[in-house]
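Colleague:
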Amino acid sequence: MRVLERLVVAVEKPLKEAVWDCRMCGQCILHSTGLSCPMRCPKNLRNGPCGGVRANGNCEVYPDKRCVWVEAWEGSRRMPVFKDHIEHLQKPVDWQLQGTSSWINLVSGRDHEAPKGWEGHARS
Amino acid sequence: MPGPSRLAELLRDGRFVVTAELTSTNSADPEATWRLAEVLRGSVDAVNCTDNTGAHVHMSSLAAAHLLVEKGIEPIMQLTVRDRNRLALQADLLGAAALGVRNIVLMSGDDVTVGDHPEARRIYDIDSMQLIEVAAGMRDRGTYLSGRTLDQAPSFFIGAVENPFAPPLEFRPLRLQKKVRAGADFIQTQLVFDVPLFARFMSMVGDLGLTDKVFIIPSIGIPRSARGARFMREKVPGLHVPDSLVDRLEKTPPARQSQEGIQIAVELLNAVRQIPGVAGVHLIGIKWEEGVVQVAEAAGLLPRPTLSPLATVGGSR
Numbered sequence: 057m058r059v060l061e062r063l064v065v066a067v068e069k070p071l072k073e074a075v076w077d078c079r080m081c082g083q084c085i086l087h088s089t090g091l092s093c094p095m096r097c098p099k100n101l102r103n104g105p106c107g108g109v110r111a112n113g114n115c116e117v118y119p120d121k122r123c124v125w126v127e128a129w130e131g132s133r134r135m136p137v138f139k140d141h142i143e144h145l146q147k148p149v150d151w152q153l154q155g156t157s158s159w160i161n162l163v164s165g166r167d168h169e170a171p172k173g174w175e176g177h178a179r180s
Numbered sequence: 388m389p390g391p392s393r394l395a396e397l398l399r400d401g402r403f404v405v406t407a408e409l410t411s412t413n414s415a416d417p418e419a420t421w422r423l424a425e426v427l428r429g430s431v432d433a434v435n436c437t438d439n440t441g442a443h444v445h446m447s448s449l450a451a452a453h454l455l456v457e458k459g460i461e462p463i464m465q466l467t468v469r470d471r472n473r474l475a476l477q478a479d480l481l482g483a484a485a486l487g488v489r490n491i492v493l494m495s496g497d498d499v500t501v502g503d504h505p506e507a508r509r510i511y512d513i514d515s516m517q518l519i520e521v522a523a524g525m526r527d528r529g530t531y532l533s534g535r536t537l538d539q540a541p542s543f544f545i546g547a548v549e550n551p552f553a554p555p556l557e558f559r560p561l562r563l564q565k566k567v568r569a570g571a572d573f574i575q576t577q578l579v580f581d582v583p584l585f586a587r588f589m590s591m592v593g594d595l596g597l598t599d600k601v602f603i604i605p606s607i608g609i610p611r612s613a614r615g616a617r618f619m620r621e622k623v624p625g626l627h628v629p630d631s632l633v634d635r636l637e638k639t640p641p642a643r644q645s646q647e648g649i650q651i652a653v654e655l656l657n658a659v660r661q662i663p664g665v666a667g668v669h670l671i672g673i674k675w676e677e678g679v680v681q682v683a684e685a686a687g688l689l690p691r692p693t694l695s696p697l698a699t700v701g702g703s704r
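Just so you know, the sequences run in chain order A and B. Note that the numbering used here gives residue 119 to position 63 of the first sequence, counting from 1, and the numbers run on in steps of one. Note that the numbering used here gives residue 397 to position 10 of the second sequence, counting from 1, and the numbers run on in steps of one.
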């Protein structure tokens, strides 16, 4: 890893872990998910909740925790901008970016690269 | 090579369809699957083959679906993103197409922690929404997710699921819309017990204009006993079984509980049928194929329509 990236990660990781319980997927979509990190979902769902959410809004897998996507929906309603981005179809996770800086990937455009056969954006 | 999806033709023809879930087997003998499927022959339009349902291992949905194709019973192959990464999912989709499977239903899947291998690693390489887009890409653009070209594209009728009863309730119709945009042709819902809540969901879905774009097929559960209803209420993720239903079965003498279960299912079926946008019903007997047939009969859904030149499921070819 380049020195610059290591320095950025040294700032980004503790900050985002503290604020959003970030998992450093390297392709941040927090603004589309009401500032609730979807990688905290045990199923890593980036397009909405699964069908297993409990009646009280808690997670199927961790009964004592709020569903990440219940928080995402509520968070998105409170956002002054990007509110409807929760309706966007999110491309598959690029697992090669795990642990890298999403800030650098955003600036370089690396986090916008989708597999060649993915045309989800065309329809959404 | 089998023709196009009969289920798709019936739905596009405006028929009220009936599908059912086949109990998954744990036998290396294909007869085990065929015996159960034969019970459903002629009573339903297509049969769902589940993919490690409840996160318990069973024979693969791909194999079960192919066994049904062999017998001329139209399958709907369920596929979860829980147990396979994007390579395996695409490989199985293409293999299914080559084996004559036309209908697929793509979903997240119950978590491994509710199953018989709770210690297993869950995969979730891509999510159900993305898998719908991938399957649509294979069909419509003739490519894998990587962009590599298929020699022959599959002709899938793509299904997805939705749980209208799980929070966040206001987001559920929008999530359904995402699935339709990704490429879903039909939706099978979670079991409906709360009819007013389902009607509210359908009205929201209708407001989004989705009932013109996707066929929505609610699921009706057929409780066989008070014990079965209690199990559903307590153990099945995402299922919201009202206490009144469990009470009703508990007050019924054990010998008559299965008949009461049929009656409950018929009442629910007749109620959801009245809701605008409902294109059919999916019957889930929970290890009770005979119950499916009895409900279809009692609800006046038999005989199933014949769509010329294709025959009814199990009819002559």
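In this text, a Cβ means the ideal position worked out from N, Cα and C, and glycines have one as well.
Kindly indicate the opening and closing residues of the beta strand (DSSP E) around residue 152 of chain A.
Modeller: It is not in any beta strand (DSSP E) - residue 152 of chain A carries neither H nor E in the DSSP assignment.
Colleague: Given this structure, state the Cα-to-Cα distance separating residue 119 of chain A from residue 610 of chain B, to the nearest angstrom.
Modeller: 26 Å
Colleague: By the 9 Å beta-carbon criterion, what residues does the region 143 to 156 of chain A contribute toward chain B?
Modeller: 143, 144, 145, 146, 147, 148, 149 and 151
Colleague: Note down the Cα distance separating residue 630 of chain B from residue 168 of chain A, rounded to an integer number of angstroms.
Modeller: Going from the Cα of residue 630 of chain B to the Cα of residue 168 of chain A covers about 48 Å.
Colleague: In chain A, what lies closer than 7 Å to residue 530 of chain B by C-beta?
Modeller: 173
Colleague: Using a Cβ-Cβ distance cut-off of 7 Å, determine whether residue 109 of chain A contacts chain B.
Modeller: yes
Colleague: On the criterion of 16 or more Cβ atoms from any shown chain inside 10 Å, does residue 151 of chain A qualify as buried, or is it exposed?
Modeller: exposed
Colleague: Buried or exposed: where does residue 566 of chain B fall if 16 or more other Cβ atoms within 10 Å of its Cβ makes it buried?
Modeller: Label assigned to residue 566 of chain B: buried.
Colleague: Note down the Cα distance separating residue 669 of chain B from residue 539 of chain B, rounded to an integer number of angstroms.
Modeller: 31 Å
Colleague: Where in the region 407 to 466 of chain B do unbroken runs of the beta strand (DSSP E), each at least 3 residues long, occur, reported from the N-terminal end onward?
Modeller: 433 to 436
Colleague: For residue 622 of chain B, return the contacting residues in chain A, with the cut-off set at a CB-CB distance below 9 Å.
Modeller: Those within 9 Å of residue 622 of chain B in chain A number zero; the least Cβ separation is about 12 Å.
Colleague: Mind checking residue 99 of chain A: buried by the 16 CB within 10 Å criterion, or exposed?
Modeller: Label assigned to residue 99 of chain A: buried.
Colleague: Excluding the 5 residues preceding and the 5 following residue 179 of chain A in the sequence, name in chain order all residues of the same chain whose CB lies nearer than 6 Å to its CB.
Modeller: In this predicted model, residue 179 of chain A has a pLDDT of only 47, less than 50, meaning its place in the structure is not dependable; the value taken from the coordinates is given anyway. Excluding positions up to five away in sequence, the list is empty.
Colleague: Please report the residue range of the beta strand (DSSP E) in which residue 657 of chain B lies.
Modeller: Counting along the chain, no beta strand (DSSP E) covers residue 657 of chain B; the unbroken alpha helix (DSSP H) around it starts and ends at 644 to 660.
Colleague: Using 8 Å for Cβ pairs, my map puts residue 101 of chain A next to residue 612 of chain B. What's the rounded Cβ distance?
Modeller: In this structure residue 101 of chain A does not touch residue 612 of chain B by the C-beta definition: roughly 34 Å separates them, more than the 8 Å allowed.
Colleague: With distance defined between alpha-carbon atoms, name the residue in A/121, A/160, A/158 and A/104 nearest to residue 141 of chain A.
Modeller: A/104
Colleague: Check the Cβ-Cβ distances between residue 75 of chain A and every residue of chain B, and say whether any is below 7 Å.
Modeller: Closer than 7 Å: no.
Colleague: I want to see whether chain B comes within less than 7 Å of residue 106 of chain A, judged by CB atoms only; does it?
Modeller: Residue-level contact by beta carbon holds for residue 106 of chain A and chain B, with a gap shorter than 7 Å.
Colleague: With a cut-off of 8 Å on the beta carbons, I'd call residue 588 of chain B and residue 568 of chain B a contact; round off their distance for me.
Modeller: Not confirmed; about 18 Å, so no contact.
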